[in-house]
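Chains A and B supply the protein sequences, listed in that same order.
Going by this note's numbering, 171 is the number at position 54 of the first sequence; the sequence numbering is gapless.
Going by this note's numbering, 49 is the number at position 48 of the second sequence; the sequence numbering is gapless.
From the three backbone atoms N, C-alpha and C, an ideal C-beta is built for every residue, glycine too.
Below is one structure; the comments refer to it alone.
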Amino acid sequence: AQSVTQLGSHVSVSEGALVLLRCNYSSSVPPYLFWYVQYPNQGLQLLLKYTSAATLVKGINGFEAEFKKSETSFHLTKPSAHMSDAAEYFCAVLNNAGNMLTFGGGTRLMVKP
Amino acid sequence: EAGVAQSPRYKIIEKRQSVAFWCNPISGHATLYWYQQILGQGPKLLIQFQNNGVVDDSQLPKDRFSAERLKGVDSTLKIQPAKLEDSAVYLCASSLLAGEDEQFFGPGTRLTVL
């Protein structure tokens, strides 16, 4: 069964600093991987997804993620954090049957002025 | 384009009471999902519909939870009777098709069971 581990339930960065949110997955087949963002009292919004095309995936709001098979990782990055990036971020993997997303526990990003 | 609508946004009940949540997906989306998100955790899929048929309900506690999607559009999720551990946000999502298609999420219903 697929699973996702997000290292660090809380990450704090200064405005303008690099954002790095970590995600490791386990899957017996090439996975489909996703990053979602959740702002307070809102539903989840898709940031980006990996579907076995380019290993570097660009998403909305300046975020990108790199799929590294050898490390079973799909870390999310952004070169320069904005205050508006403060939110909870979830990594997810699609199961083999292609019908179920399994989410990680989430990482809360805090941005300091 | 209107997003996924859910109601109510908040609900407080006592244990052993019943509660129902409603979801209206994006028009034309064949697939509808219900997730349970416990505080501090990622969403967990409860049930997935394709049109008005159930695709996966393996993680739905069927002794107390039920869901339906009549006519393949709106859906309701019911809990009867509720337990303290059911306190969570219940998220509805929809997608055009299943698989790697983007899921669009509603704002959720926050349930508190006292």
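Skipping 5 residues on each side, what residues in its chain have a beta carbon closer than 7 angstroms to that of residue i?
i               : result
Arg70 (chain B) : Leu33, Phe50, Asn53 and Ser76
Leu85 (chain B) : Lys16 and Val114
Pro62 (chain B) : none
Asp87 (chain B) : Ile80, Leu112 and Val114
What residue range is occupied by the uninterrupted beta strand (DSSP E) comprising residue i?
i                : result
Arg225 (chain A) : Thr224 to Lys229
Tyr91 (chain B)  : Ala89 to Ser96
Gly54 (chain B)  : Gly54 to Asp57
His192 (chain A) : Ser190 to Lys195
His127 (chain A) : His127 to Ser131
Cys24 (chain B)  : Val20 to Asn25
Thr168 (chain A) : Taken as a continuous stretch (DSSP letters only), Thr168 (chain A) belongs to no beta strand (DSSP E), as it is neither H nor E.
Ala6 (chain B)   : Ala6 to Ser8
Lys79 (chain B)  : Ser76 to Ile80
If the criterion is Cβ atoms closer than 8 angstroms, does the pair residue i and residue j meet it?
i                : j                : result
Leu92 (chain B)  : Phe105 (chain B) : no
Ser129 (chain A) : Gly222 (chain A) : no
Gln38 (chain B)  : Val90 (chain B)  : yes
Ile13 (chain B)  : Ala83 (chain B)  : no
Ile48 (chain B)  : Asp64 (chain B)  : no
Ala99 (chain B)  : Val56 (chain B)  : yes
Ala182 (chain A) : Phe191 (chain A) : yes
Val202 (chain A) : Leu226 (chain A) : Looking at the sequence itself, residue 202 (chain A) is Asp, so the reference to Val does not match. Yes, these two residues count as a Cβ contact at 8 angstroms.
Val121 (chain A) : Thr219 (chain A) : yes
Pro108 (chain B) : Asn141 (chain A) : no
Gln119 (chain A) : Ser144 (chain A) : yes
Pro148 (chain A) : Leu211 (chain A) : yes
Any beta carbon from chain B within less than 8 angstroms of residue i's own beta carbon?
i                : result
Phe180 (chain A) : no
Asn141 (chain A) : no
Tyr156 (chain A) : no
Gly215 (chain A) : yes
Tyr206 (chain A) : no
Thr172 (chain A) : no
Gln159 (chain A) : yes
Thr168 (chain A) : yes
Phe220 (chain A) : yes
Using a C-beta cutoff of 8 angstroms, does residue i count as contacting chain A?
i                : result
Gly109 (chain B) : yes
Gln42 (chain B)  : yes
Glu86 (chain B)  : no
Leu47 (chain B)  : no
Val74 (chain B)  : no
Gly100 (chain B) : yes
Gln37 (chain B)  : no
Leu92 (chain B)  : yes
So what's residue i in DSSP terms, helix, strand or just coil?
i                : result
Ser201 (chain A) : helix
Ala14 (chain B)  : Correcting the residue identity first, residue 14 (chain B) is Ile in this sequence and not Ala. In the structure shown, Ile14 (chain B) sits in a strand (DSSP, three-state: E or B).
Glu181 (chain A) : strand
Lys63 (chain B)  : coil
Glu69 (chain B)  : strand
Leu135 (chain A) : coil
Leu85 (chain B)  : helix
Ser143 (chain A) : strand
Ile48 (chain B)  : strand
Leu161 (chain A) : strand
Ile39 (chain B)  : coil
Tyr149 (chain A) : coil
Ser28 (chain B)  : coil
So with CB distances below 8 angstroms, who are the chain E contacts of residue i?
i               : result
Val56 (chain B) : Annotation note: the requested chain E is absent from the structure, which comprises protein chains A and B.
Enumerate in chain order the residues of its own chain whose CB-to-CB distance from residue i is below 6 angstroms, with the five nearest sequence positions on each side excluded.
i                : result
Asn213 (chain A) : Val146
Ser169 (chain A) : Pro147
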